[in-house]
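To start, the structure itself, in structure tokens.
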Amino acid sequence: MGPILIHIAFAACIISSLFYWISATGRKNMLKISRPAYIVMAVFTISSASFLLYNILTHQFQYTYIWNHSSTKEPLNLLIATFYAGQEGSFHLWALWMSIIGIFLMSYTSKHERYEAEVMGTFTLLQAFILFILIVKSPYTYVWESFAGDVAEGFIPPEGRGLNPLLQNFWMTIHPPILFVGFSAMSVPFCFAVAALIKNKYDRWVNIALPWTLFAAGVLGLGIMLGGYWAYGVLGWGGYWAWDPVENSSLVPWITSIAAIHLMISSRVTKGFIKSTLFLCIISYVLVLYSTFLTRSGVLGDASVHSFVDPGQEVYLFLIIFLSLFAVVGIGLIIFRFKSINSEISSLKQESSPILSRESALFIGAITLCASALVVLAGTSWPIFAKGSVEADFYNKMNLPIAILISFINGASILLKWKHTEEKNFMKSLVVPFVLASVLTGLFAFMGMRDFLIALLALSALFAFFINAETAYVISRRSKIKTGAYLAHIGFAVLLLGVIGSSRYSQEENLSLPIGQTVEALGYRMTYLGATPIPDDPEKYHFNVKVERDGKEMMLKPVMYYSDYSEGVMKNPDIVNLIVRDLYLSPMALEVPEEFSAEDVDSIVKGSVKNIKGLDIHFVNFNMDEFKRDELSSGAAQTIGADLEINENGVRTPVTVKIRYSGDGVPEFIPVKYKDNIELYLVKISVSQEPQIQLAVVDRTRKMNSPDAITSETLILTASVKPLINLVWGGTVIIVIGFALSVINRVKKSKAAASDEEV
Amino acid sequence: MKKIRYIAGTVIILVFLTIGFFSFIDSKVEYANFSYASNTHRKCQVKGTWLKDKETRYDAANNQFIFHMRDENNHEMKVILDGAEPNNFRMAESIVAKGKVKGDHFHATEVLTKCPSKYEGDSEDLKKSNL
């Protein structure tokens, strides 16, 4: 049934698009077909999504996708996350969000009727492409179709493979959906730009598209930062941002959309910047598609930690076509309309803007943002064009001066007025925030901030902070809702200060914590108290570390466990948030004392005597007392022994050593004590040719004294202190609130504009 | 006055392109095999496979993970990675080590693991579930 739902949705989408374009030619009554067709598309897309979710929740493992990404053991939230854990499902999530956003977009544009046909016509085309991917790469493929010949038709695997343990956490349930809302919403400014170009009218589209662009950028930004928090708090990457290609590729369209927003605001007031605004709106969505291409096609396979690998040739090819088509159409349209846009600008604008004006500052700010986007884009795309990759440091080095410039421009642009600013007044208004910022930066320098560029970044961020804070305060007394932009700027400045603290001034140390022993590091006293199984999840272990500072005691519990899925140890950090800093404990390994090492092992032939570590050891015979011959084929555990006689200075002592093999053949070595300091282990028996045993003789007194030996269970971890990291999260929250207020404010304004239109 | 704005914009882009170009040359990591990496002082990334049968251990005292790797030209080398065993190391189909050759070993600052076969189940997995 699933594929049928998608096929119908696809057909309805094409019909809707077709009739929207017909109605764009002036036959308005065609909207009577295109609108219901859209609703049909949306209903069927939503139905298919519900159907897929239903199949996941009821464990229909006959579908390859569901078998691949879920199992009966997963809790509800992770089962839901299965929906978008793989390629096919994440495209379905995208299609789902598109169809829902489109309903709002249709209702919104129908109030600005002049734009509905072109905007929705473009939007449905974008949606058609995503639905087409779902047809080509269907989440509804049966296992016997995916593995034709390997399993019989109608075969239902009793259990699925389960979700990748890296994805098994709370953030998996919210980060991808939010990111995909951002991706989907970014299509709306693209559609408005294309609509404006096709209509060849550039006076009003910016007003109508602005709230959507703000929404898209706000949500995308939130999604990106949630990913950062995931990496920081759960995956134990040590930081929230690693300049990984997957992170970068979603950051680039975010930056360009921010540049687009600033030019849109400028363009609304001055009637200029039309081409740049159109270009940025178009390129932002193209970059979203490019991001999908980078992360889905596997082209970055060797450069990224979390690229999807090998999606199949057809999707790879299709994404390139999808991407280039929309890039060529969008940018081609701008070139095609170049002349008429220029004449429109000269007719609309009374005068050109002086350099000391807000619009000029915004334009330069937008260019600087684009420079940053270009840097990240170039570095991220590099592995496609040449074999190799770019170090994370490249992005840090490049973006540092850009961030400084952007912060200064941000602060200054708020003080500048549209069109014309008195130079004297402007200079005067700079004084107070600049002095405040300088004093604080001086204080930072006094506290140890010695790096010039870092200090400059702090200065610029503080400068922007004070100017925006003052403006926000003044405006909030008139209207709280209008403070959105300033709040977002404050948030960004706060975020930058957090970045400086948490990355430039983070301290890190590798620690070995023997159980029960207190180790001092980074100003904390840490004691490893042992591992305990996690109550709800007994296969995972908490490694309890008591942390003390200034008489306060905390318990941190980083996690390590063996995952069958990954065939390796998975590790999760634990963090204690101390308001001005985080203490971050990232587990590395657990070392347990070795029973014996290779050099302790000797072989003895049956019946012979060998002198090992001063003891004459006689291997008398095998001891098969506990060997159960009749259970040999049943796979039960077996124990084999060897009778020895130890002759020390004429005193003979009989000793029996044993080795136990589990059903899978894994040996378990059983220590046998001889006197206080000697331990004997039966390591191996061989009965072919000459019957002999491998025997380990360990002198514990000697072991203790050797420098490398670990004598007790030891937790190895990387401890780090991240100052001011709360400013990163706090800044993000402020930015998101700022965006939310701006969206509300702009929606109100565009509604007012719409009612003006009707009058 | 409009011209000034465009000039300012162009200058910013040009300045960044120039700085960008040089710092790019500086920080790009080339693909290489062990024999190439032995003859350069630059940081390289080498793709290859982990040698299961050779020494593979974690050195707790130095927080280093030590293993042996065979590159695509069948050259084998000891690799010392700063840090613990990477996620998914043992299930990886291939690995990419980034770093420099130092004497007899490759000193890696980062090891990426690639596990195509496991993110998507194969027919072997499916048959297992049939038991």
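Protein chains in written order, with our numbering: chain A, 1 to 759; chain B, 760 to 890.
All C-beta atoms in this analysis are idealised placements derived from N, C-alpha and C, irrespective of residue type, glycine included.
Computed from a prediction, not measured in an experiment: that's the story for all the values here.
Beta-carbon separation (whole angstroms), residue i vs residue j, contact threshold 8 Å
{"i": "leucine 166/A", "j": "asparagine 846/B", "result": "7 Å"}
{"i": "methionine 98/A", "j": "serine 187/A", "result": "7 Å"}
{"i": "alanine 472/A", "j": "alanine 493/A", "result": "Not quite, the Cβ-Cβ distance comes to about 12 Å (not below 8 Å), so this is no contact."}
{"i": "arginine 9/A", "j": "phenylalanine 44/A", "result": "The residue asked about is misnamed: residue 9/A is alanine in this sequence, not arginine. Right, the Cβ-Cβ distance comes to about 4 Å (below 8 Å), so this counts as a contact."}
{"i": "isoleucine 341/A", "j": "isoleucine 734/A", "result": "Rounded, the Cβ-Cβ distance is 36 Å, inconsistent with contact."}
{"i": "asparagine 572/A", "j": "glycine 236/A", "result": "6 Å"}
{"i": "leucine 356/A", "j": "phenylalanine 426/A", "result": "7 Å"}
{"i": "isoleucine 345/A", "j": "isoleucine 274/A", "result": "6 Å"}
{"i": "isoleucine 6/A", "j": "isoleucine 135/A", "result": "6 Å"}
Residues near residue i by beta carbon distance below 8 Å, same chain, minus five either side
{"i": "asparagine 822/B", "result": "Asp841, Gly842, Ala843"}
{"i": "glutamine 507/A", "result": "Leu522, Ser720, Val721"}
{"i": "leucine 93/A", "result": "Ala49, Phe83, Tyr84, Pro176, Pro177, Phe180"}
{"i": "valine 770/B", "result": "none"}
CB contact check: residue i to chain A, cutoff 7 Å
{"i": "glutamate 869/B", "result": "no"}
{"i": "phenylalanine 836/B", "result": "Phenylalanine is not the amino acid found at residue 836/B; the sequence shown has methionine there. So, not an interface residue."}
{"i": "arginine 849/B", "result": "yes"}
{"i": "alanine 767/B", "result": "yes"}
{"i": "asparagine 832/B", "result": "no"}
{"i": "glycine 858/B", "result": "no"}
{"i": "phenylalanine 826/B", "result": "no"}
{"i": "arginine 764/B", "result": "yes"}
{"i": "glycine 898/B", "result": "Nothing can be reported for residue 898/B, as the shown portion of chain B is limited to 760 through 890."}
{"i": "phenylalanine 775/B", "result": "yes"}
{"i": "glycine 862/B", "result": "no"}
{"i": "isoleucine 854/B", "result": "no"}
{"i": "isoleucine 839/B", "result": "no"}
Neighbourhood of residue i by C-beta distance below 6 Å, restricted to the same chain and skipping five residues each side
{"i": "serine 615/A", "result": "In the sequence on display, residue 615/A carries leucine and not serine. Closer than 6 Å at Cβ, skipping near neighbours: Ile646, Glu648."}
{"i": "valine 547/A", "result": "Tyr524, Met526, Met554, Leu556"}
{"i": "valine 683/A", "result": "Val601, Gln694, Ala696"}
{"i": "glycine 227/A", "result": "His175"}
{"i": "valine 375/A", "result": "Met398"}
{"i": "leucine 459/A", "result": "Ala437, Thr441"}
{"i": "phenylalanine 596/A", "result": "Tyr681, Ala696, Val698"}
{"i": "glutamate 594/A", "result": "none"}
{"i": "threonine 122/A", "result": "Cys191, Val194"}
{"i": "serine 372/A", "result": "Ile255, Asn399, Ile402"}
Beta carbon proximity, residue i to chain B, threshold 7 Å
{"i": "threonine 368/A", "result": "yes"}
{"i": "lysine 684/A", "result": "no"}
{"i": "proline 707/A", "result": "For proline 707/A, the predicted model reports a pLDDT of 49, less than 50, meaning its position is unreliable; a value from the coordinates is still stated below. Not an interface residue."}
{"i": "glutamate 145/A", "result": "no"}
{"i": "isoleucine 716/A", "result": "yes"}
{"i": "serine 566/A", "result": "yes"}
{"i": "serine 267/A", "result": "no"}
{"i": "serine 360/A", "result": "yes"}
Same chain, Cβ closer than 7 Å to residue i, five either side skipped, listed in chain order
{"i": "lysine 857/B", "result": "Val788, Lys802, Gln804, Ala867, Thr868, Glu869"}
{"i": "histidine 542/A", "result": "Ala531, Thr532, Ile534, Lys557, Val559"}
{"i": "isoleucine 56/A", "result": "Ile66, Ser70, Leu79, Thr82, Phe83"}
{"i": "isoleucine 454/A", "result": "Ile500, Arg504"}
{"i": "serine 110/A", "result": "Glu116"}
{"i": "leucine 214/A", "result": "Ile261, Phe739, Ser742, Val743, Arg746"}
{"i": "isoleucine 604/A", "result": "Lys610, Ile617, Phe619, Gln692, Ile693, Leu695"}
{"i": "isoleucine 737/A", "result": "Leu487"}
Distance cut-off 6 Å: residue i Cβ against heavy atoms of the ligand GTP
{"i": "isoleucine 735/A", "result": "In the structure on display, the ligand GTP does not appear, and there are no ligands present to speak of."}
Inset, instruction - Determine which residues of the segment 331 to 351 of chain A have a Cβ less than 7 Å from any Cβ of chain B, and write them out in chain order. - result: If the cut-off is 7 Å between Cβ atoms, the segment 331 to 351 of chain A has nothing near chain B.
Legend entry - chain A contacts made by the segment 783 to 801 of chain B, where a contact means CB separation under 8 Å: Cβ contacts with chain A: Phe783, Asp785, Ser786, Lys787, Val788, Glu789, Tyr790.
Legend entry - 4 or more residues per run - each alpha helix (DSSP H) lying fully within the segment 326 to 410 of chain A: Fully enclosed alpha helix (DSSP H) runs of 4 or longer: 338 to 348, 358 to 385.
Inset, instruction - Return the chain-ordered ranges of every beta strand (DSSP E) run that is complete within the segment 654 to 688 of chain A and spans a minimum of 3 residues. - result: Taken in chain order, the complete beta strand (DSSP E) segments of 3 residues or longer contained in the segment 654 to 688 of chain A are 667 to 669, 672 to 674, 678 to 686.
Legend entry - Every unbroken alpha helix (DSSP H) inside the segment 493 to 534 of chain A [4 residues or more]: Within the segment 493 to 534 of chain A, no complete alpha helix (DSSP H) run reaches 4 residues.
Legend entry - Members of the segment 583 to 596 of chain A that neighbour chain B once the beta carbon cut-off is set at 7 Å: From the segment 583 to 596 of chain A, only Met588, Ala589, Glu591 have a Cβ closer than 7 Å to chain B.
Legend entry - Members of the segment 510 to 526 of chain A that neighbour chain B once the beta carbon cut-off is set at 8 Å: Cβ contacts with chain B come from Asn510, Ser512.
Legend entry - Contact list for the segment 382 to 395 of chain A against chain B, Cβ threshold 7 Å: Residues Trp382, Lys387, Gly388, Ser389, Val390, Glu391, Asp393, Phe394.
Legend entry - Complete alpha helix (DSSP H) runs within the segment 453 to 477 of chain A (minimum length 4 residues, chain order): Fully enclosed alpha helix (DSSP H) runs of no fewer than 4 residues are not present anywhere in the segment 453 to 477 of chain A.
Legend entry - Length at least 3, wholly inside the segment 800 to 835 of chain B: the beta strand (DSSP E) runs in chain order: Segments of the beta strand (DSSP E) lying fully in the segment 800 to 835 of chain B: 803 to 809, 816 to 818, 823 to 830.
Inset, instruction - Would you list, in chain order, the members of the segment 543 to 576 of chain A that have their beta-carbon closer than 8 Å to a beta-carbon of chain B? - result: Cβ contacts with chain B: Tyr565, Ser566, Glu567, Gly568, Val569, Met570, Lys571.
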